[in-house]
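Presented below is the structure to which this report refers.
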Amino acid sequence: MKRSLTACRPSKRDPSEKMNYIDLAQHNLVIEPRYYCYGWSRSKKIVARPSLARALMRAKKFLPAGYTFKIWDCRRPRSVQLLMLASFRRRLKIMHPGLSSAELAKIVRRFGARPLKRVTRPDTHRNGGAVDLTIIDRSGRELYMGTDHDDLTDRAATDYFESKKKLSTLGREARKNRRLLKRVLTRAGLKNYAAEWWHWYYPHHR
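Numbering-wise, the sequence shown is residues 33 to 238 according to the working numbering.
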């Protein structure tokens with residue numbers, strides 16, 4: 033008997049859409065709630081809009097046997113977005129001590145959306161329509177993608193390794209694995225934010 037998607041309702045205090053969200057931990061996806069681990073979120077759950085959850089389950093079928101997705105983040109409250117952006121600014125100041133505030137702000141905007149009080153687009157983290165993820169193999173190890181989640185460099189761009197004429201062994205491995213991620217998610221109808229290989233969203237929400 034096919035198991036139906038398990039829903040979890042957002043808190044009444046949350047101003048986002050009144051709908052049932054899907055708990056992704058219930059569907060053989062590995063959950064690693066990074067922002068909970070950092071102390072930014074009070075919830076270990078990672079939830080998605082139903083249409084995105086269904087798209088992820090379709091994409092999972094296209095992976096090699098025994099492989100699955102590891103989910104780092106999906107629906108993200110504004111409070112978490114604010115803490116994430118503050119962390120990005122601190123990190124970038126250390127990485128680029130000579131940049132002006134305006135230059136740093138430009139880089140922050142590349143990797144994190146503005147923390148608007150109300151977001152109506154369904155294909156965003158705020159509304160559970162975007163997901164940060166990677167692939168793990170049969171032994172539970174993450175495939176090498178060339179950077180970690182929330183890397184704040186040019187290497188995070190999805191096609192970074194495609195533009196390189198010469199690649200090391202690790203570079204070729206990252207290119208191969210990013211191609212796999214892109215192939216299975218695109219086949220399932222998801223789209224990518226080009227600056228971040230891990231950030232995918234589903235544009236056909238209901």
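Glycine included, C-beta positions come from ideal geometry on N, C-alpha and C.
Note that the structure is predicted; figures quoted are calculated from it, not measured.
Query: Counterpart residues of Val79 in DSSP-defined beta bridges; Result: Asp55
Query: Check whether Ile139 and Leu124 have beta carbons under 8 Å apart; Result: yes
Query: Exposure of Met177, with buried meaning 16 or more beta-carbon neighbours within 10 Å; Result: buried
Query: Proximity winner among Leu217, Ala188, Tyr68 and Lys208, relative to Arg27 (alpha-carbon distances); Result: Since the first residue of the chain shown is 33 and the last is 238, residue 27 is not available in this structure.
Query: Separation of Tyr53 from Arg90, as counted between CA atoms; Result: 17 Å
Query: Residue burial classification, Arg122 (beta-carbon count within 10 angstroms, cutoff 16); Result: exposed
Query: Contacting residues, own chain, Cβ-Cβ under 7 Å from Lys44 (five flanking each side not counted); Result: Only weak support is given to the placement of Lys44: the predicted model assigns it a pLDDT of 40, under 50, and the value that follows is read from those uncertain coordinates. If we look at Lys44 and ignore the five residues flanking it on each side, it has no Cβ neighbours.
Query: Backbone CA spacing between Ile167 and Leu115 [nearest angstrom]; Result: 26 Å
Query: Anticipated Cβ contact below 8 Å, Ala87 with Leu222, distance rounded; Result: 6 Å
Query: Asp155 vs Ala162 beta-carbon contact at 8 Å; Result: yes
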